[in-house]
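Protein chains: 4
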Amino acid sequence: MTTVSIIGGSGYGGGELLRLLLSHPNVEIKQVTSRSRMGEYVYQTHPNLRKRTQLKFSDPSQLEPVDILFLAQPHGQAQHNIERYAKLAAKIIDLAADFRLRDQSLYEKWYGEKHAAPEWLSKFVYGLPELHRAEIASTNYVSGVGCNATASNLALLPLVKADLIDLESSIIIELKVGSSEGGAEGNSASHHPERASVIRTFSSFGHRHTAEVIQEMGVKDVSLTMTAVDLVRGVLATAHAKVKPGITTKDLWKAYRAVANENPFIRIVKEQRGIYRVPEPKILAGSNYADLGFELDESNGHIVSMCAIDNLMKGASGSAVQCMNLMMGWDETLGLEFSGLHPI
Amino acid sequence: MTTVSIIGGSGYGGGELLRLLLSHPNVEIKQVTSRSRMGEYVYQTHPNLRKRTQLKFSDPSQLEPVDILFLAQPHGQAQHNIERYAKLAAKIIDLAADFRLRDQSLYEKWYGEKHAAPEWLSKFVYGLPELHRAEIASTNYVSGVGCNATASNLALLPLVKADLIDLESSIIIELKVGSSEGGAEGNSASHHPERASVIRTFSSFGHRHTAEVIQEMGVKDVSLTMTAVDLVRGVLATAHAKVKPGITTKDLWKAYRAVANENPFIRIVKEQRGIYRVPEPKILAGSNYADLGFELDESNGHIVSMCAIDNLMKGASGSAVQCMNLMMGWDETLGLEFSGLHPI
Amino acid sequence: MTTVSIIGGSGYGGGELLRLLLSHPNVEIKQVTSRSRMGEYVYQTHPNLRKRTQLKFSDPSQLEPVDILFLAQPHGQAQHNIERYAKLAAKIIDLAADFRLRDQSLYEKWYGEKHAAPEWLSKFVYGLPELHRAEIASTNYVSGVGCNATASNLALLPLVKADLIDLESSIIIELKVGSSEGGAEGNSASHHPERASVIRTFSSFGHRHTAEVIQEMGVKDVSLTMTAVDLVRGVLATAHAKVKPGITTKDLWKAYRAVANENPFIRIVKEQRGIYRVPEPKILAGSNYADLGFELDESNGHIVSMCAIDNLMKGASGSAVQCMNLMMGWDETLGLEFSGLHPI
Amino acid sequence: MTTVSIIGGSGYGGGELLRLLLSHPNVEIKQVTSRSRMGEYVYQTHPNLRKRTQLKFSDPSQLEPVDILFLAQPHGQAQHNIERYAKLAAKIIDLAADFRLRDQSLYEKWYGEKHAAPEWLSKFVYGLPELHRAEIASTNYVSGVGCNATASNLALLPLVKADLIDLESSIIIELKVGSSEGGAEGNSASHHPERASVIRTFSSFGHRHTAEVIQEMGVKDVSLTMTAVDLVRGVLATAHAKVKPGITTKDLWKAYRAVANENPFIRIVKEQRGIYRVPEPKILAGSNYADLGFELDESNGHIVSMCAIDNLMKGASGSAVQCMNLMMGWDETLGLEFSGLHPI
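Read top to bottom, the protein sequences are chains F, L, A and R.
Converting from the first sequence to my numbering requires adding 226 to each position, the first position being numbered 1.
Converting from the second sequence to my numbering requires adding 226 to each position, the first position being numbered 1.
Converting from the third sequence to my numbering requires adding 226 to each position, the first position being numbered 1.
Converting from the fourth sequence to my numbering requires adding 226 to each position, the first position being numbered 1.
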């Protein structure tokens with residue numbers, strides 16, 4: 227068995243990772259750390275794991291060597307400890323934003339601070355298998371992905387890959403997001419009476435995840451707008467762009483199908499009837515799928531490309547486990563078989 | 227114009243009171259205090275009041291004399307300041323639990339502490355007009371009502387008033403409640419991802435509001451069980467009791483109708499068809515109605531009596547304004563005309 | 227008292243109109259029709275009106291003359307009966323889409339059919355007071371407004387009025403909408419297990435309400451994308467456009483303030499702190515406010531302009547009552563005083 | 227591979243069964259029937275199964291022989307076809323109510339009609355493994371379980387099994403249920419604007435599932451009250467009873483632990499701190515767990531016993547698959563490993 231530990235296991239990303247790794251056939255979890263909950267059973271924090279494990283949260287200063295280390299801490303911590311972590315494990319998979327950007331100056335621009343370990347930026351591969359499958363399979367260091375960035379990148383992927391849009395053109399991506407995106411620590415705006423039933427555009431532009439879209443898609447003029455809605459898990463990205471002259475719906479089908487065929491977790495949802503005609507995040511809770519859909523206005527080339535994911539799975543822990551599978555040479559879908567529920 | 231002030235205006239009860247008093251034709255608001263938000267516009271806390279008032283929260287230590295003082299502080303503060311408040315206003319209406327119980331020992335039993343101003347307990351009238359209309363009209367001091375107690379008391383009222391149940395018998399009241407009951411200050415359990423979609427029985431018995439049911443209904447063996455569900459405003463009390471031998475559905479209709487006829491805010495909901503056949507809190511948001519319904523199993527005398535209210539209105543601020551109207555000799559429904567919405 | 231009747235009172239728009247007119251000080255309701263519920267109490271369909279009225283639904287073929295006739299039928303009926311209605315009442319206020327467009331060919335393009343009474347199109351004024359206050363005050367025929375069109379038009383109004391955007395430029399409007407937009411008749415997609423928690427982009431472009439934005443704002447290249455989210459009442463329009471070169475945030479403040487100052491139901495929501503920093507529909511349930519906000523990216527002129535409304539109020543029945551007030555020379559806000567609730 | 231077919235696969239129970247069987251390692255699905263959707267891909271109805279299966283709904287009149295037949299039709303159909311089904315498969319697992327009751331007269335009393343195949347009633351075993359594990363393992367015919375009955379039976383199980391309550395005493399069970407209980411076919415009351423945020427006590431007593439509690443627990447005076455709340459999947463049963471004199475919390479712990487130890491899908495949730503102190507259905511979506519909790523008022527013997535389940539899993543399809551595992555001599559938990567999600 228491959229041994230793994232999770233640093234920072236009390237948050238939502240860490241909890242989801244724990245759920246996935248506990249049922250993964252090839253790994254054994256050695257430690258799950260939490261500074262604030264040391265000594266407590268993990269199922270007291272993650273109640274779905276009751277009767278599944280007797281693991282307790284351990285002290286983050288008492289880490290033992292393992293094969294793979296997962297970092298599930300809040301942003302900004304991993305870059306200060308990466309040297310220490312690298313001595314404990316040959317392979318590291320980060321879930322935070324510390325090592326997502328390759329370019330130090332891009333990091334400084336979007337995060338408003340100097341990076342604490344800039345020399346490590348080039349050692350990490352961006353952890354989205356749909357973009358970097360081969361590189362992930364041959365690296366020891368994989369970064370996390372932003373959940374909003376992932377929905378945005380996958381909405382754009384077929385268009386960029388098939389060269390259907392001009393990378394210089396203006397792209398507007400509207401994201402509608404669930405409350406788990408805010409993490410396990412509440413604040414006054416996440417208090418249920420204030421957060422229930424909201425349609426709250428909390429970020430018009432300038433969200434940090436934008437940097438990941440610029441880096442990964444090569445687009446120059448992209449804006450992410452984020453609106454919180456009443457849902458716990460899930461993100462829908464609705465991307466608006468213009469296709470190049472002459473591109474038809476048929477061309478788009480071809481481009482989307484190519485991406486779906488190459489990637490086990492990409493599905494196309496574009497039905498003429500029934501209830502589920504377009505990608506919808508609610509049926510993806512717990513699954514690693516990214517559902518893509520599109521609509522082209524052939525009169526003016528306006529394309530609406532949609533991507534729905536579970537932000538904690540394909541947008542965080544699911545992609546991390548998928549990366550582990552690739553790094554270890556295992557079947558890419560191992561431990562990620564849950565299909566999602568309907569109804570839910 | 228009658229002048230009023232609200233002490234403790236940043237909570238949900240205070241905000242609702244503010245909304246009602248701002249549109250009340252006979253009163254003028256002098257001050258609304260908040261220690262933590264002094265100097266801020268009240269609409270920054272209560273966004274529904276934007277463009278309705280330029281009032282700012284004022285310092286609670288700088289209170290000016292007024293005709294009526296509303297106390298909307300957390301429980302336990304009013305009893306320490308009541309002497310001071312009584313010098314500022316001839317009439318006081320409390321929304322908290324400080325003066326709800328007449329019997330000092332009942333207070334100590336349920337609140338687990340000595341009362342700080344026991345001599346004031348007898349000066350207050352319990353502030354539910356449906357139970358004490360005449361006394362309220364002739365007193366200067368009115369207490370608040372517990373929202374769960376109110377739903378429970380009104381569910382039992384027709385049965386007790388018409389002497390249809392034995393006061394010694396066992397009564398079980400199941401309350402399903404919205405998240406605004408917990409107040410404006412959030413905690414880890416009210417964080418949206420944890421609170422959304424819950425069915426959480428957070429109190430099996432022993433809730434403090436039970437004392438108000440014992441006091442007001444004269445029942446001896448009553449239990450309140452509280453379950454949080456996904457709703458912001460609203461409580462439904464479902465009371466289970468046994469009617470006295472021989473009591474029929476017809477007797478019950480008579481008893482419920484009598485209560486509805488005497489009280490402008492009591493309605494009976496008992497339909498054979500349509501969607502809304504039983505009392506439901508969701509359509510009561512913002513209204514002062516208490517909707518009553520019942521079902522009798524004539525084979526064994528088991529009665530299920532239901533009462534739905536908006537916990538912030540009939541269960542708190544609405545009843546407080548209704549009491550003010552009675553104390554001032556105004557029309558009981560003044561400023562409480564909003565009917566509620568459908569759909570919502 | 228001015229007499230009014232409502233044709234088609236069993237839907238959500240009709241029910242909301244009924245609620246407003248029942249508490250309006252200057253009018254008396256003569257008839258409310260419903261073919262399917264003739265003879266039933268209106269409160270059986272609209273349970274919030276219990277104990278408020280003993281009105282029953284009447285036969286639409288038995289209409290009596292009144293001062294004002296409100297048409298709240300499904301789209302497509304009013305244009306077939308307008309001659310008959312005009313004989314019954316001097317003033318007509320329609321809530322449906324029949325008379326919203328002035329140009330017969332625009333109607334044919336977006337509705338895919340010939341208009342049944344094209345000669346009436348020029349007699350109606352588009353029923354949004356914020357756009358046509360003076361004309362409404364002097365006409366006898368006022369059309370309804372599309373709820374999505376209203377949120378979109380009001381999001382664009384300050385920009386268009388102050389000439390801050392090029393009318394030829396591309397404008398993308400993303401609307402997030404509640405379930406009451408679909409009307410009172412359910413379908414398989416509105417079944418609660420399927421509709422709860424959705425983020426469902428049901429219309430990428432081509433929605434009929436687009437025609438009202440083109441007509442009223444004079445924009446040439448505008449796209450409306452609609453996404454259903456978990457909420458009953460409410461719409462948020464998030465409009466993306468480019469301001470003209472040199473326009474600053476200060477210019478925008480001036481333009482938005484001008485609109486808010488001229489219109490009693492327009493508010494600006496743009497706060498630096500607190501929970502409610504941007505327009506949010508949830509606190510508008512039952513109120514006639516339209517809350518506007520904006521954010522300008524001065525680096526590239528990208529403006530995000532937001533408008534939140536209650537689709538049944540400012541987006542339908544509230545605007546209709548506001549039009550009535552203007553047509554009758556009454557205070558514009560009469561009967562529309564409800565401020566909305568917080569929390570909700 | 228064991229071959230199975232599902233009759234009636236377009237409903238929620240059938241869809242959940244399909245999800246479970248598709249990922250079950252020992253079975254192969256031959257046919258899934260649906261009269262109304264013959265020829266359509268099952269993933270068009272159950273969108274979570276997209277990219278998991280290319281199965282299409284087949285004609286129920288064209289059934290082929292298989293090892294196990296699952297009946298997932300609406301109540302009342304299986305009893306008319308049972309002879310035919312028995313010729314097609316040696317083993318039958320019904321999900322409907324047709325064969326739940328052993329006593330023909332009990333059936334007639336609660337279902338108000340004669341049973342069409344009374345001779346078959348004695349051939350079926352009630353399909354709840356926690357009650358009939360050994361019998362299920364040695365029978366060919368297993369009935370379905372009512373979801374509300376299951377939550378109720380499991381809430382009572384520790385009390386009855388350890389003889390802690392008097393079977394003649396009065397027991398009140400309050401159930402709070404999600405919208406998927408109503409099935410996949412919507413009606414006017416399940417239309418989202420009407421069903422969202424409800425607390426609707428739609429059955430005060432007399433619900434058919436009561437018969438299953440009487441039969442399985444041997445209690446004489448039990449009442450089930452059902453209240454719909456805003457949730458899609460999940461039921462919480464809160465049972466109120468009196469324990470026998472002298473019974474303490476310690477006795478209860480022993481009784482509940484015994485049940486949890488004997489049953490892989492029973493867990494006890496009774497924590498002193500944290501967010502999840504009591505059983506809650508929301509974290510059980512998709513899992514087969516039944517979470518039990520209790521609270522004893524030692525002053526009067528009032529016990530509140532709680533059981534939370536996913537109505538489509540432990541309350542329907544999950545128990546059915548568990549029964550299949552037992553009937554086939556497989557590991558009881560096979561194909562039922564999903565732990566549920568947190569947060570959700």
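Ideal Cβ placement from N, Cα and C applies to all residues, glycine included.
Note down, in chain order, every chain A residue with its Cβ under 7 Å from the Cβ of residue i.
| i | result |
| --- | --- |
| M532 (chain F) | T427 |
Note down, in chain order, every chain F residue with its Cβ under 8 Å from the Cβ of residue i.
| i | result |
| --- | --- |
| F431 (chain A) | E521, D523, H528 and V530 |
| S513 (chain L) | Near S513 (chain L) there are no residues of chain F at all, since even the closest Cβ is about 18 Å away, more than 8 Å. |
Is residue i helix, strand or coil when you go by DSSP?
| i | result |
| --- | --- |
| D523 (chain F) | strand |
| R493 (chain A) | strand |
| L567 (chain L) | coil |
| V547 (chain F) | helix |
| Q257 (chain F) | strand |
| S405 (chain R) | helix |
| V268 (chain L) | helix |
| I362 (chain R) | helix |
| A542 (chain F) | helix |
| K387 (chain L) | helix |
| L248 (chain L) | helix |
| P376 (chain F) | As written in the sequence, residue 376 (chain F) is Thr, which differs from the Pro given in the question. Note: T376 (chain F) maps to helix in three-state DSSP. |
| T228 (chain R) | strand |
| A323 (chain L) | coil |
| Y367 (chain F) | strand |
| I509 (chain A) | helix |
| L478 (chain A) | helix |
| M554 (chain F) | coil |
Give the residues of chain F in contact with residue i, contact being defined as C-beta atoms less than 7 Å apart.
| i | result |
| --- | --- |
| F564 (chain R) | F564 |
For my contact list, residue i and residue j are in at a C-beta cut-off of 8 Å; report their separation, rounded to the angstrom.
| i | j | result |
| --- | --- | --- |
| T228 (chain L) | M452 (chain L) | Not a contact, Cβ separation roughly 37 Å. |
| L314 (chain A) | L289 (chain A) | 6 Å |
| I294 (chain R) | T259 (chain R) | 15 Å between Cβ atoms; not a contact. |
| E563 (chain A) | Q548 (chain A) | Not confirmed; about 12 Å, so no contact. |
| E438 (chain R) | R261 (chain R) | Not really, about 28 Å apart at Cβ, beyond 8 Å. |
| M539 (chain R) | G519 (chain R) | Not confirmed; about 18 Å, so no contact. |
| G460 (chain A) | A534 (chain A) | 7 Å |
Residue i: buried (16+ other C-beta within 10 angstroms of its C-beta) or exposed?
| i | result |
| --- | --- |
| K470 (chain F) | exposed |
| T474 (chain R) | exposed |
| R426 (chain L) | buried |
| N487 (chain L) | exposed |
Applying a beta-carbon distance threshold of less than 8 Å, which residues of chain L neighbour residue i?
| i | result |
| --- | --- |
| V458 (chain A) | P569 and I570 |
| R421 (chain A) | Within chain L, no residue comes near R421 (chain A); the closest Cβ sits about 13 Å away, beyond 8 Å. |
Show which residues of chain A have a CB atom less than 8 Å away from the CB atom of residue i.
| i | result |
| --- | --- |
| H272 (chain R) | Correct list: empty, because the minimum Cβ distance to chain A is about 12 Å. |
At least one CB of chain D closer than 7 Å to the CB of residue i: is that the case?
| i | result |
| --- | --- |
| T559 (chain F) | Considering every chain present, this structure includes no chain D. Its protein chains are F, L, A and R. |
What does residue i reach in chain L if we use C-beta pairs closer than 9 Å?
| i | result |
| --- | --- |
| S577 (chain F) | The structure shown does not extend to residue 577 (chain F), since chain F is modelled only from 227 to 570, so the question has no answer here. |
Problem - beta strand (DSSP E) segments (min. 3 residues) lying fully within the stretch 414–472 of chain R - result: Considered as a whole, the stretch 414–472 of chain R harbours 425–429, 447–455 and 461–468 as its complete beta strand (DSSP E) runs of no fewer than 3 residues, in chain order.
Handout entry: alpha helix (DSSP H) runs wholly inside the stretch 277–351 of chain F, at least 4 long, in chain order
Key = Listed in chain order, the complete alpha helix (DSSP H) runs (minimum 4 residues) inside the stretch 277–351 of chain F are 304–314 and 330–337.
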